[in-house]
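Taking UniProt numbering, the leading residue of the sequence shown gets 1, the next gets one more, and so forth.
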Amino acid sequence: MTAARRVIVEHGPASVRIRDVADSAGMAPGSVTSYFRELDELFQEVLADAVERFSRLRRLASEDLEDPRERLAATTRSGLPGEPDDELCCLLYEFASPPRRRRGDADLCSALHEGPVELYRSLLESGAAAGGRCR
1 MTAARRVIVE
11 HGPASVRIRD
21 VADSAGMAPG
31 SVTSYFRELD
41 ELFQEVLADA
51 VERFSRLRRL
61 ASEDLEDPRE
71 RLAATTRSGL
81 PGEPDDELCC
91 LLYEFASPPR
101 RRRGDADLCS
111 ALHEGPVELY
121 RSLLESGAAA
131 GGRCR
């Protein structure tokens, strides 16, 4: 998975081959295909992992904060790349482009967007319940 993420970020998913992932991992292509019969299966796993990590990091960013405004600000900041070559954001960007989308990607991309919607809804509702106002 680490090798696949690295190769996807370096070359973009459209040009990645099983051999590229295997070379990056220091293994034979047959070893990769023993876990993932097709490249799309591997891509699906990489994307699912990226969506899960992104969602988890966003939830954790504000978990220990009491003030609803601070929670909202921390959650918003956590959705931005930490640096220009932020691997997680680069992966999500690579898979979000229309030419890369496949059948299974649609569900994962929906989860990527629905998760934050629910998170922000919860943050805004808890802020409103606490008497928070926009300034």
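Cβ coordinates follow ideal geometry from the N, Cα and C atoms, glycine included. These figures come from a predicted structure and were not determined experimentally.
Where residue i sits in the DSSP three-state scheme
i	result
residue 84	coil
residue 63	coil
residue 4	helix
residue 130	coil
residue 79	coil
CB contact check: residue i to chain D, cutoff 9 angstroms
i	result
residue 74	Checking the listed chains, one finds no chain D in this structure; it contains a single protein chain.
Sub-9 angstroms separation of residue i and residue j beta-carbons
i	j	result
residue 47	residue 21	no
residue 115	residue 55	yes
residue 123	residue 72	yes
residue 24	residue 7	yes
residue 5	residue 61	no
residue 58	residue 75	yes
residue 127	residue 53	no
Inter-residue CB distance, residue i and residue j (contact presumed, cutoff 8 angstroms)
i	j	result
residue 39	residue 9	That pair is no contact at about 16 angstroms.
residue 29	residue 19	5 angstroms
residue 1	residue 45	7 angstroms
At 4 residues or longer, and completely inside the region 9-72: list those alpha helix (DSSP H) runs for me, N to C.
-> Correct list: 18-25, 29-35 and 39-61.
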